[in-house]
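For reference, the structure is listed below as structure tokens.
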Amino acid sequence: MVIVYESKTGFTKRYAEMLAAKTGLKVFRVKEISKISPDEEIIFLGWMKVGKIQDLDKLRKFNVKAVCGSGTGRTAEPDTETVIARNKIEGMPFFYLRGGCLPLKEIKGMDRIMLSLFVKMLKSRKDKDERTEEAIAIIENGFDGVKEENLADVLEWINAKRAEGCV
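Residue numbering for the sequence shown follows the UniProt record's numbering, starting at 1 and increasing by one per position.
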């Protein structure tokens with residue numbers, strides 16, 4: 001089994017490296033997929049954008065056994081069931097890892113424009129709640145939610161697979 005990941009700002013990469021350090025599994029970026037045998041079992045980690053796990057589609061012909069999605073929310077957004085359906089990973093273990101985001105002033109291009117518009121929309125809401133305020137603060141100031149303990153469920157799954165002799 002190997003770890004394959006896609007990371008835009010480094011948060012998902014940190015999870016992939018932590019997971020590799022904890023398990024001894026080799027880690028590859030998606031662009032290195034040609035180094036992996038097509039029948040090699042893969043744990044994929046990708047960052048999420050509107051519930052879509054980025055670059056997961058590039059691994060459809062490979063032997064993906066579990067998927068981790070990294071995002072800034074406390075939980076998978078819009079929700080776990082939607083993320084699973086949107087990414088066509090029904091019947092496969094899915095783990096949500098709270099990642100992070102750079103401060104808005106450090107984000108470039110279209111992402112900065114879209115996030116600026118999103119913050120403006122959130123700020124204009126009349127019914128702002130705690131989660132809305134948190135989302136505004138995360139986008140404007142950045143956030144780092146990468147923690148080793150967030151990998152507990154993934155590590156438990158890998159250890160169970162190893163106990164079964166599958167890894």
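Cβ coordinates follow ideal geometry from the N, Cα and C atoms, glycine included.
For the set Arg-112, Gly-71, Leu-56, the Cα lying nearest the Cα of Ile-89 is the one of Leu-56. Sequence-distant Cβ neighbours of Ala-76 in its own chain, meaning closer than 7 Å and more than five residues away, are Gly-69, Val-83, Tyr-96. When beta bridges are read from the DSSP output, Lys-49 appears opposite Lys-52.
Comparing alpha-carbon positions, the option among Gly-10, Ser-34, Lys-26, Leu-151 lying closest to Phe-94 turns out to be Leu-151. Comparing C-alpha distances from Ile-42 to each of Arg-29, Lys-147, Val-50 shows the shortest one belongs to Arg-29. For Val-30, no alpha helix (DSSP H) segment is defined, and its DSSP state is neither H nor E.
Going by beta carbons, Leu-115 and Ile-136 fall outside the 7 Å limit.
Contact between Leu-25 and Val-2 holds: their C-beta atoms lie close to 6 Å from each other, under 8 Å. Ranked by Cα distance from Arg-14, the first of Leu-59, Asp-39, Gly-100 is Gly-100. Within the model, the alpha-carbon separation for Gly-142 versus Ile-158 is close to 31 Å.
For Ser-37, there is no enclosing beta strand (DSSP E), as DSSP marks it with neither H nor E.
For the 7 Å CB-CB criterion, Leu-59 and Thr-12 do not form a contact. Annotated three-state conformation of Val-67 is strand, per DSSP.
Residue pairing for Asp-144: DSSP places it in a beta bridge opposite Gly-100. Ranked by Cα distance from Ile-33, the options Asn-63, Val-50, Thr-9, Ile-53 are led by Asn-63. Looking at Asp-39, Met-48, Ala-66, the one whose alpha-carbon comes closest to that of Leu-155 is Ala-66. Counting only residues of its own chain and dropping the five nearest sequence neighbours on each side, Thr-132 has a CB closer than 8 Å to the CB of Leu-122, Arg-125.
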